[in-house]
Structures are given as C-alpha cells and as structure tokens.
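Here my numbering is used: the first residue of the sequence shown is 1, the next is one more, and so on.
The C-beta atom is built at its ideal place from N, Cα and C for all residues, glycine as well.
Read the structure below first, then the notes.
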Amino acid sequence: MRIGELATRSGLAASRIRFYEASGLISAQRQANGYRSYPEQAVQTLGIISCAQQAGFSLEEIRRLLPDVHSDGWAHDEMLGSLQRKIGEIEAMQQRLAQNKAQLLEIIATIESKPEGMACSENAGRVLANLRGAQFGQ
Numbered sequence: 001m002r003i004g005e006l007a008t009r010s011g012l013a014a015s016r017i018r019f020y021e022a023s024g025l026i027s028a029q030r031q032a033n034g035y036r037s038y039p040e041q042a043v044q045t046l047g048i049i050s051c052a053q054q055a056g057f058s059l060e061e062i063r064r065l066l067p068d069v070h071s072d073g074w075a076h077d078e079m080l081g082s083l084q085r086k087i088g089e090i091e092a093m094q095q096r097l098a099q100n101k102a103q104l105l106e107i108i109a110t111i112e113s114k115p116e117g118m119a120c121s122e123n124a125g126r127v128l129a130n131l132r133g134a135q136f137g138q
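Here is the structure:
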C-alpha cells in the first residue's frame with residue numbers, strides 16, 4: 001500500500017510514517033516509479049509503535065522490541081522484561097510525584113497559615129525558613 005493509504009489506516013501523518021521509516025522502525029519497498037510500498041503488517045507495527053510511545057517507551061526501546069525485519073518472531077522474553085521494567089519506572093515516577101505533591105501541599109498550608117498582620121515579604125521568609133528546615137531535617 002502507498003503511504004497515503006497507510007496514513008489513513010494508521011491515523012498517522014505521512015511525515016510521521018516517513019520518520020519511522022528513516023528511524024528503521026518500519027520498512028518500505030521502492031517501486032519503479034519511486035513510490036513507497038508498505039506491507040500490510042505496517043499498519044499493525046505503527047499501532048504498536050504509537051501505543052509503546054504513549055506508554056513511555058523511547059524509539060530506541062521500541063526498536064529493540066519490534067521483530068527484526070528479517071525474522072517472523074517477537075523476542076518474547078525481552079519484550080516481557082522491557083514491559084516489566086517500564087512498570088517499575090512508572091511506579092518510581094508515581095512515588096516521586098506523590099512526594100512532590102505532598103511537599104507542595106505543605107508549602108501551600110504554610111503560606112495559608114500566615115499569621116494575621118504579617119507582611120507578605122515576612123511570610124515569604126517564614127515559608128523559606130520552613131522549607132530549609134524540612135530540607136535539612138530540622
């Protein structure tokens with residue numbers, strides 16, 4: 001199929017498809033007239049690439065997971081390991097985000113508990129002192 005049909009069927013822009021081809025993620029045969037001809041499997045491969053990118057995989061990680069152009073099989077164990085590692089990365093990121101959220105909520109609470117009549121600049125100093133104390137375990 002030509003790139004226009006592949007773009008329609010995959011929902012991706014032709015420029016994105018050419019980028020993936022240049023990156024070695026998909027391949028096309030050049031016809032005598034210079035047009036690219038993509039195999040039917042390219043639709044599925046592009047879907048996998050899109051899903052993997054949305055899940056946070058880099059193009060290099062995706063390249064290692066996709067079956068070799070010259071083979072018919074998937075590297076099952078490598079794919080399973082990569083997916084499990086990605087889950088670990090996501091869980092670590094969730095933990096960092098939860099810590100960041102807790103710190104921001106604490107800062108908000110400190111700002112909102114400004115004593116009556118305290119100037120904003122003085123309150124900013126109080127908030128910074130609390131942050132430094134929290135940072136250094138005081």
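Item	Value
Whole angstroms are fine: how far does the CA of G81 sit from the CA of F57?	13 Å
When the distance is taken between beta carbons, is S10 closer than 9 Å to L46?	yes
Whole angstroms are fine: how far does the CA of G133 sit from the CA of G117?	24 Å
Can you check which of these residues, Q31, R2, R63 and L131, is closest to I108 by C-alpha distance?	L131
Excluding the 5 residues preceding and the 5 following L6 in the sequence, name in chain order all residues of the same chain whose CB lies nearer than 7 Å to its CB.	I17, Y38, A42 and V43
For S15, which residues of its own chain have a beta-carbon under 7 Å away from its beta-carbon, when the five flanking residues on both sides are left out?	none
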